[in-house]
Amino acid sequence: MKCTMTSSSGCEERVTVRRTECADAEAIERLITPEARQLFGPINVLQLLEKANLAVTLANEDGDVVAHASFFDHPTAALVDPPHWESYLHKHFKADALTPWNTLFLHLFVSQTCFSTASFQHIISAVFNTTAELDYVCLLSATSVCLEAALDKLLEPLQRLTEEEEEEEEAAVLNLLVCHRQRLCPRLYVRPARVEDHDDVMHIVAQETKILSVMRRPYFLSELIEAQDERNHAAVCECDGVITGFISVTAEVDVWRLQEHFNLTHYGGLWKAKQVDSDDTDPHPDSAKEPPQEPSQEPPQEPLEEQDPGGGEEEPQEGEEEVLSATFEEPSAVPNTFCIQFFFSEKNYEIRSLDLIPYIFQLFPYLDFCIITVPTLSPDFPLLQNFQRVPPRPSSLLPSDLYVLHRDSLRSVKVRLATESDRNGVADLMADMRLGGDALLQDLDLIFNNQSDGAERPLQAFVADVDGAMVGTLIISDEKDMEYIRARYNIENFIYFSHHGSHEHAQLHHFVLHRCFQHVSRHFFKETLRLARKSSLYHRVYPLDSGQENCCVHHLDYVLDCAVPVRPRRQIIYPLMELGANAPARSITDEQAPFALNLISRKLTMEPKVTVNARIVLVGASDTGLSFLEVLCFCPHLRFNNLTLISTHGFPADCSLTGANFLSTSHAYSSRDMAQLPLRSCVAEVAAKMVAIQRKSKHVVVSSGAKIPYDYLVLCTGLQYQVPCPKEMNQDQLDANDQKEVASFPPRYTGTVPSNLFTLNDPHDCNTARSWLLKNFVRSKDNVIVYGNGLDVFTTVEMLLRIGVRSSCIYLVLTPPQRALANDLSPASDVTNDPTAEDDVTQEPPREIDVTNELPSESDVTNEPPPECYVTNDLPPGCDVTHDLPHEVDNIKASPSEIDNTDDSLPEIDDTNDSPCESDITNDPPLEHDVTNNSPPESDVTNDQVPESDVTNDLPPESDVTNDSPPASDVTDPPPEIDITNDLTSESDIINDAPPDIDDINDLPRESDITIDSSHENDTTSDAPPEIDVTNDAPPESDVTSDVPPEIDDTNDSPREVDDTNNSPPEVDITNDLATEIDITDDLPHEVDDTNDSPSEVDDTDDWPPEIDDTNDSPCEVDVTNDSPRESEVTNESPPESDIINESPPQSDVTNNSPPEIYSSNDSPPQIDVTNDPVPENGTSTDLLPNSTVTNEPPSETSVLNDPLPESLFSDESPTEPSGLYFSDVGVESAVMAAMKKSQLNVYHDCLLMQMNNGAHPDPLTSVSFSTSSEPLHLPCGVFINLSSRGVDYDAFRSINSSFLVFDGRLVIDSAFRTNDAAIWGAGPLTKFSRAYYSDEWSHANFNSKEVGQDLAAVLLTHFDPTLEAPRETVAAGNRLVPIYKQPKIQGGNLPGRLNYLHVTKPVASSPRGPSVGHARRIATGSPENGDYFCLHLDRNQVVETVTCLSFKPLPVHNLMCLYAKHQQLLGQLLVRLHLQQIHDLYSFFSQSWCLAIFHDRFSDFEEEILQLTSNDATVDGEEPWGSAPQDVIKDPASRAALRSNAAKYLSFNRNLLPMFTCPDDL
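Residue numbers for the sequence shown, in my numbering: 26 to 1588.
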C-alpha cells in the first residue's frame, strides 16, 4: 500500500506500507534511539521480528526504512506473563473490552524524527485496515517513562481499577495506553439503499467493466433498489457521508439446484430443521431467533487515505443470478439461507467490507446461512474471509464456487486450556468422525491423568468455545525431533532457528474445528502458541499406507489454510564408517518414516493467504507434471483449492516396498520424495485416462465417463510404450520398412491384448507385472521375451533375474538400431557408438596409425561437422545401418585411404542435407531422448578397432586401412552426402578445445586408441586451418605413405583424389604424442613436454601447487598447410621426424578393447584416463602424467572424445552384436553385454515383431515371430514384456487432434507453453515448439523434465500471484527465442551383472546447427568390466558436464549428481591432483570428507556468493560463460578476507550437517 505523508517541517514523501522483512533489521537498528530503549526495554531486533505476530515497515521510494512497528498478541513478557495478561489487565484496569480476539500490543516503534507522528498514524491505520477483527492497539509501559509525541497523540491511558502497593519495591507501576479503531479507522456506516444513491453507486460500478456487462438495462440498479421487500434488500455503506460500497441480498434461492452441484450435507442441505435437535451444522439452533452479538451501530466515520488494496475484485454472479435467485416452492422443506446477489466496493474500502455482514444478517433474522457464488477465475476478495468454501460435486460443471457463512460464526471465540469437564463436549464434537476420534480421546485422558504420550512427551490440550459451547479442540506436544526436522526440511526459509529455543517448538497431534468456524483457525493457532509459550507448531502428514499413526485432523484444509508447506532438503550420503566421530549426530542420520511437513509460526498466524479457485487440471503424472504441481503446492502465500490430476493410475505407485524397479529412473521423484510432498493433500486425484477434450464447454472426458471441468488445462502426458503391432513384411523390404516406421507413427494395435503381454510404462504396470510373474511364471520353464530397445530393456532383464527368473529363459529381442537410438538414453556425453550417426571425417593430415580390419567399413566424409550426427527418427544422413554387418569407416582424417564401394558395401545414403535430420519431432517413437549425445557426429573410435597399432619412429606415416573385415569398397558413384566442399574448403583448425601449448611427438597414439581426429570433426575454424582443394575437376591427391596414397574422389564418377603434397597434408605439429601444448603459467607453474615417455620438463615457479590452465578457448595449434610437417615429417618417402627425447621410443600396443590407462604410481597403477577431447592426431591428453604408460584396459573406446561423438561400433567377434547402440559410453555397453553373455541370456539384434501365435488368436501368447536381417526368428513365449514403439498415447493424440489443437508430430506450443487455445497448456516430451521459432533441434525432450515443469509453474503463477508481474505479452515474431534450461539430464538403473548405472549429462540439441564445441577433457578411472568405472567430462571452461558411473556397489546418487556444473577447482583442484598423481580412484576421491561441503544442498548458494565476490575483483573480457569457476587469484587482500569470512560463515551456519569441518569459533 502506497501513500504520501508529511513531515513536521512540511516535507512530503511517498512511502510504501509493507510487512517487515528480516533484511530490514539493520536499518531498524539504526533508528533505535535511547528514548525508545527506555520505553520498550532491551531490544533485539531480529528476535523481535522473528516472534512478532505482525511487523509493519514504512519504506520510501529508494527502499530506505522510514519507520517500523512490531505488534504482539501479549504485552512485554518482562512486565506481564503472556498467557495471563487478560486476567491481569482485567484486574488492574478497566479493560473488559480487551480480549485476545480484538487486541494487539505495541512492542516497538521507531522512525525518522521528522516523520515520527505521520508514520505512526499511517502504521496504526494500516494495521486496523488489514485486521478486520482488531479493535484495540495497546501499549503497556512503566509510569516513569515519558512517551514520544507521536505516541502520546494517538494513545490514550486506560483507567486503573487498583493501585500498586508502594511498599512492594519490585512491583513496577504500569500504565496501559490504548488506541481505539474508531479514532483512525471507524466501522463503516451501513444503511438501506435508496434510489437517489444510484449515481453514486454507478460511479463505483463504472470502475469494473465486468460488472457493467451484467447490467443488461440502463437502470437495472435503480429497479433492483426499488424492488426491495421482505425477501429482497439492498444496502450501501458510507464513510464520512460518501458511499463506498453496495450489496444486494435475496432470500429467493434455488436450494435444489445448489444441492445438485455442491455437497451441502454438512450444512443441513441449507434447509430449515423440522425439529429442534442436535444439528451437526448448527451448534446453536436457537440462535437464528437472536440478534447477532456483534454491535451493529455505526458511529460517524472519516475517510482513511492509506487503504491496503489487498483482497480482490468483487465479482457479480452474472451466470448464476437466475440459479441462485429463482424461487422454487418445496412444500416439504423451507430454505434456511439467503444469497448475496451483487456486491462491489471501492478498492480502498474492500478490507472493511466485512462491516456489511452483521447488518445483512439483521435483515433476515429467521435465516441462519448466507451464501455467495463466485466465478472460479475471480480473484480473492476480503468479504470472503469469514465464509467457508463448499467443494463442488465431481459431476458439477458449474463455473462457480459456493461460499457459506453461518450467523453464529460472527460470535467471538474464546481459546483456553482444556479441563476434565470438557471431555463430554469434545466427545460430542467427535461423534461424527470416523478416523482418529478414539486416539484423540485417549490422548485427552492422558492429559487429564498427568501422563505423557508413548514418546514420553508431555501433552497439552486446548479448546475453543462460543458462549460455553464446544466448537474445537487441539492437542500438542513438545517437538523432540527438531534436529532431524531442521536437517531434513527447509524450515529456515520461514524461521531463524537460532532465535527459537528448543522448548518453543511443538508438534500438532490433533485438531478438530466445527465447519462453521473455519475462519477462526488462525486465531485458534495463535492463541495456542501464546498459551503454550511456543513459537512454532509443526504438523506431519504421513502417507495413508505408511503404517504410521496419523493424527486426527478435521479438517486438513483448515490447517493448510494457515500453515506453510516446508520443502524437504536434499540429503548428503555420508560415509559414516570413514567419518567415525566426525559424522553428524545419529538423530540426523537415522532414517525416519517420510512425511510431509507443515509449519505454523507466530508471524504466520496473521498473514492470510491468497485463495486461488481457478480449476487447474493436469493430465499426466510425468516428471514434468509432478514438478509443476510441486511448485504450486509449495507456494507459501497462495492456496490452490482446485488442483486436479488425471492419470491412468493416479499418483506414481510406491515401488520401494515391492522392488518392482523394471524401468530406468530419472532420479526426479523417488517413493520417499513423493511421501515428503504435500501433493496428496492439495491435489484431487482422478485415476483414469483422458479420452476427449471439449474446448467449448471447457471440460475433459475421462475413460470412466466422468467430465472434469477446467479453467486451465495442462497436458504433460509424456511418451509411452505402445502395444506392438505385428507386421507381415517381406524380408527384402525390411530396410525400407524400418526407415518408414521411424518417420511416422507405428501402426496401432487394435486386436486383443494377450493376458501375458505386459507393456511397462509406470510403477503400477511394473507392480502388476511383478505380481503376475511371481504368481504364474517364476517357477515355470517357459520363456520370457523382453522386446524393445534402450536402457529400460536392460533394467527389465536385471529385474527379471533378481525376482528369480532363470537367465536361460530370458530372451532379449532388440529392435533395429535406429529405433533404439530414437528411444534411447538421454544425450550422451561419451563415444556414442551409433551406426545411424554418420562418421563425419573431414580433412586431416595422415598419421602413423595402422588402422586394421576392425574399423567399421564405411563412413561418409561429409562437409558439416555437427549436423548429421544427431540421431532422430529419420535415418540420419550419412550413415547406413543394415543388418548387423560392421560398417566401413572412412578414416580420411587420420589415414586417407581408398574407399572402394563395391556390392558388399552398404546402400548409398543421401547426405546432402547439412541441416538436422528431418524428424526433429515426428509422430514416431519417443523423441524425448534424441540421442544426440552431446557429441558431434564424427567418431570413428570403436571398441575393437585396431588390433594392431604399431606407431613407432621407424614406420612411415602410413595409414593402412586394411580390409580384413568388410572389404573396402570402390566409391564409384558417391552419394551427394559425400560433399566436402562446404567445410573442407574453408580454412579450419583440426583441433577444437585442446589447451594450446603442448608439444607432443606423434609416436604413440596415447589415449585415443585410434583415429581421434578421424573420429572427431575438428574443424572449428581456428588459427591455422588446413587448406584443402576439393574441387570436382582435379581434387588434390593425398600422398601420405610410401605405399599407395589414398584416392578420394568426390566427383560424380570417380573417387576424389586428395593430394597430400603441398597443401593437402597440412602441417601438423604431432610431436610429443600429438598432445597439445599446455600453457601452465598461471595454474600449473611448469611446462610439461610429454615427448615419448621421457619425464616431462617441469619448470617450477613460485605458484606451486601447480594449477592447470586449460581455459584457452582457441583450438590448439595445428598447422596443416605446409609440405613438410614440422617436428613430424609426414611425407611419401620418409618416416616422420619425431622429436623423441628418449632414444628408444615407447611401443604403444593399441589392441582391441583396451582403453588408455595412466599409471599414477609405480606400485598400483590405477586406470585413470585423463584426455583432451578435441586433441589433434591421436588425441594425446593434455593431462597425461610424466612417465605415464598408455595401457589398454577397458573401456574400449576412444579416450579423447570430442563433445558429441556418435560412432558405429561393432564387435569383431560377433557382427550381430552391435556395440554402442544402447549406451552413450561404449565401455558400459561392453560390460553389460559381457554380463548378459556370462549369464547365458539369449540376445537377438535387429528384430521386428511379425506374428503372434502364428496369426491365430493371440490370447494367451504362446509363440512370436520376428523378422531379422537374415532368417525369421521364431520363439516360444510364456510372457512377453514390451518396451517398444514409444510415442504419444493414442487416446491422448485423439483427444488433442479431435479438439483441433495443433499437432505436428507432437503437440505444438510456444515458448510460454501455450497451445493455440489460451486455456490449454503443454509441456514435456509430448510437445514441440512451433516451426515459427525455427528451432526444430530443441524441444522439451532435450531438457530436464523437472526443470521444465518448474518453469511451466512459474509462467502460470503470473496469472494468480499478486506479487509477480503480469503475464508477458506475446513476443514479436522477429524476437522469438525458445527457452534453454541448464539442469542436467539424468538416467540410472540396475543393469545385468548387478551393476548400478548413473549417467548425468548436459542438455544438447537434437540436430545442432553449426560447429559443435567438444569436451576439453575426459577423466576416467576403473573399468566397466571390473564394476568400478567412473568417467567425467569437462568442457572447455573446465566445468563438469558429464558424469558416468558403473559400479557393483550402490552409488551415492545424490552426491554424484552434485558434481555436474562444478568447476574442477571447486572439486579439490581436480586437474592439479591428477597431474600430481594423487588420484587413483574417483569413487574414493569423492567420498573424502572435504567433498561433503560440496554435496550440501546449500553449497550452490555459497557458490553464488563467491562468484559475486570474485566478479567484482576479477576483470573478465566479454561475458562470463555459465558455470565458469570463481577466479582462483584474488589480488585484493580485502576480497581474500571476505572469501574466507564467507566460507567460515557457510561452515558455521551448516555445522549440524558438516561437523567434520573445524569452524573458526572452535579455534
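Here a beta-carbon is modelled for each residue, glycine too, at the ideal position from N, C-alpha and C.
Whole-Å CB distance - residue i paired with residue j, under 8 Å assumed
i	j	result
Tyr-735	Val-725	6 Å
Val-566	Pro-703	7 Å
Val-811	Leu-1308	7 Å
Leu-466	Pro-779	So it is not a contact: roughly 54 Å between Cβ atoms.
Ile-1444	Lys-1487	About 13 Å separates the two Cβ atoms, so there is no contact after all.
Asp-447	Val-488	5 Å
Residue range of the beta strand (DSSP E) that includes residue i
i	result
Met-715	715-719
Leu-1484	It is not in any beta strand (DSSP E) - Leu-1484 carries neither H nor E in the DSSP assignment.
Tyr-428	425-431
Lys-732	732-734
Cys-204	199-205
Asn-1367	Looking at the DSSP string, Asn-1367 is not in any beta strand (DSSP E), and its letter there is neither H nor E.
Glu-710	708-712
Phe-1455	1453-1459
Neighbourhood of residue i by C-beta distance below 6 Å, restricted to the same chain and skipping five residues each side
i	result
Tyr-1508	Phe-1455
Glu-191	Below a pLDDT of 50, predicted positions are generally treated as unreliable, and Glu-191, at 44, falls in that range; the measurement from the model is reported next regardless. If we look at Glu-191 and ignore the five residues flanking it on each side, it has no Cβ neighbours.
Arg-377	Leu-213
Pro-749	Leu-1274, Asn-1307, Ser-1309, Ser-1310
Arg-441	none
Sheet register partners of residue i (DSSP bridge)
i	result
Asp-1346	In the sequence as presented, Asp is not what sits at residue 1346; that position holds Trp. Val-739, Arg-1339, per the DSSP bridge assignment.
Gly-497	Ala-489, Leu-538
Leu-1423	Gly-1413, Cys-1470
Gln-1276	Ser-1290
Pro-417	Phe-287
Cys-834	Looking at the DSSP assignment, Cys-834 forms no beta bridge with any residue, so it has no partner.
Asn-515	The partner list for Asn-515 (beta bridge, DSSP) is empty, contrary to what the question assumes.
Extent of the continuous alpha helix (DSSP H) run through residue i
i	result
Thr-793	788-801
Ser-9	Residue numbering for the chain in the displayed model covers 26 to 1588; residue 9 lies beyond these limits and cannot be assessed.
Leu-702	That residue, Leu-702, is in no alpha helix (DSSP H); it is neither H nor E in DSSP.
Ser-1323	1315-1323
Glu-1372	1370-1382
Met-1261	1251-1263
Ser-647	That residue, Ser-647, is in no alpha helix (DSSP H); it is neither H nor E in DSSP.
Ala-621	Premise fails: Ala-621 lies in the beta strand (DSSP E), 621-626, not in any alpha helix (DSSP H).
Residues of its chain near residue i, where Cβ-Cβ distance is below 7 Å and the 5 sequence neighbours each way are ignored
i	result
Leu-604	Ser-1514, Met-1581
Arg-1339	Trp-1346
Asn-449	none
Arg-414	Asp-426, Tyr-428, Asn-666
Own chain partners of residue i with C-beta closer than 8 Å, once the 5 adjacent residues on each side are dropped
i	result
Glu-37	Thr-29, Met-30, Thr-31
Leu-73	Ala-80, Ser-95, His-132, Leu-133
Ala-1568	Phe-1527
Residue i: CB within 7 Å of a non-hydrogen atom of the ligand MN
i	result
Glu-285	Looking for the ligand MN in the displayed structure turns up nothing, as the structure carries no ligands at all.
Check your understanding: Taking the runs of the beta strand (DSSP E) that are 3 residues or longer, which of them lie wholly in the segment 241-276?
Key -> 257-264, 267-275
Check your understanding: Considering only residues of the segment 532-587, which uninterrupted alpha helix (DSSP H) runs meet the minimum length of 4 residues and lie entirely inside it, listed in chain order?
Key -> Restricted to the segment 532-587, the alpha helix (DSSP H) segments that are unbroken, complete and at least 4 residues in length are 546-557, 581-587, listed in chain order.
Point to revise | 4-residue-minimum alpha helix (DSSP H) runs that sit fully inside the segment 34-116, ordered along the chain | key: 50-56, 59-65, 70-76
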